[in-house]
Every structure is written in structure tokens, then in C-alpha cells.
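Positions -41 to -1, 1 to 87 (mature numbering (1 follows the signal peptide of the UniProt record, and there is no 0)) are the ones given, in order, by the sequence shown. Below: one structure, written as C-alpha cells.
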Amino acid sequence: MFTRLAGGVRARRDVVPVRPRHVALAAILASLLLLASRALAQPEPSALIDQQHCMFCHTNDAPFLAPSFQEIANRYRDDPRAQVMLEHKLRVGGRAHWGNMAMPSPAERGGPLSPEDAHTLVVWVLRH
Ligand code: HEC
């Protein structure tokens, strides 16, 4: 009985050290996949754009209810602080820069926006 128990414990010890490694490997693979899909999604983060309804007010190249993304990109092209300022504005809001109408907050646009997603969106806008 004791030997069998000891054997069982030993057998389990043989197996257990492998598992966390598998879990770690799976986690690494999963985050690599996520990074890869993010990188692929970057030229046009369409899911985010849909979820935040960006194209409800903006177009890529013609002023609509809001300045076009091309106008915005042109305005900030030589401003090294624009990326951070616009990420903040997308997440938290701020003073209007184009007229009297400020942009609605993320909650009003379709839900909270993470810093990573704000970064992705502003990189995309400024690339126009
Ligand atoms: C309900 C309309 C509306 C929606 C939806 C909207 N915007 Fe805007 N956006 C505006 C208006 C209006 C302005 C001009 C505000 C101003 O004068 O700063 C603006 C300005 C901006 C600016 C320039 C801000 C500045 O300070 O110069 C950026 C960048 C921007 N929008 C990106 C986005 C992105 C990305 C989305 C989607 C996540 C989005 N907008 C969704 C209306 C909207």
C-alpha cells in the first residue's frame, strides 16, 4: 500500500513539472499570435473603428461631421507630441481643436477604449 502510494506520488512528480512548461508555452504562443494579429490588423484596425463608430463622423479624405483623417494627419505631421496628445484625447476627451464641437467620449462612441487601442487608432489616423 505504502509503496504503491509512493509510486503514485513519484509518478505524479514525473508528470507535474512538465505541465507548467506547457502552460507557459501555450501562453507564449497565444501572445505571439495576438501580437501577430495586432500587427496584421494595424494598417486598418477595422474592428476598433467599427466598435467606436469613427466613420460615423469622419471620412478618410473629405470633411463631414468632423475633420477628415487626412486633414488631421496633415495638421499633426510635424508635431512630435501629437501621438500622445491625441491618444489622451481619444480616451479622455479634451478641448476642441477644429471648431466648437468636441469629439464625444468613448462611452458615447461605443465603449471604453484601452491605452493600447487608442495608440493603434492614432497611429492609423496619423498615417493618412
Ligand atoms: C460623433 C462624431 C465623432 C465620432 C464617432 C468620432 N469623432 Fe473624431 N472628431 C469628431 C469631431 C467633431 C472632431 C473635432 C473636435 C475638435 O475640434 O477637436 C474630431 C476630432 C478627431 C481627431 C483630432 C483631434 C484633435 O484634437 O485635433 C482625431 C484624431 C479623431 N477625431 C479620431 C477619431 C477616431 C479614431 C474615432 C473613432 C475611435 C473618432 N474620432 C470618432 C467627431 C467624432
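Ideal Cβ placement from N, Cα and C applies to all residues, glycine included. As the structure is a prediction and not an experimental result, all values here were calculated from the model.
Exposed or buried, residue i, counting other C-beta atoms within 10 Å across all chains shown (16 or more means buried)?
i: Q1; result: Residue confidence is low: Q1 scores 49 on pLDDT, short of 50, so the model does not pin down where it sits. No coordinate-derived value is stated.
i: P71; result: exposed
i: V43; result: exposed
Measure the beta-carbon distance from residue i to residue j and round it to whole angstroms, keeping in mind my assumption that it falls under 8 Å.
i: A32; j: R86; result: 7 Å
i: P4; j: L80; result: 6 Å
As a quick exercise: from the options, pick the residue whose alpha carbon is nearest that of residue i.
i: H78; options: L45, R40, A(-16); result: L45
i: Q11; options: Q29, L24, A66; result: A66
i: E75; options: R40, L7, G58; result: L7
i: W83; options: A(-16), F28, D9; result: F28
i: residue 88; options: E30, A41, R(-21), D9; result: The first residue shown for the chain is -41 and the last is 87, placing residue 88 beyond what the model contains.
i: F23; options: H47, M60, R40; result: M60
- Task: Could you tell me whether the region 45 to 53 touches the region 15 to 27, using the rule of 3 or more Cβ pairs below 8 Å?
- Result: no
- Query: Which runs of the alpha helix (DSSP H) fall wholly inside the region 48 to 75 and span at least 4 residues, in chain order?
  - Reply: 65 to 68
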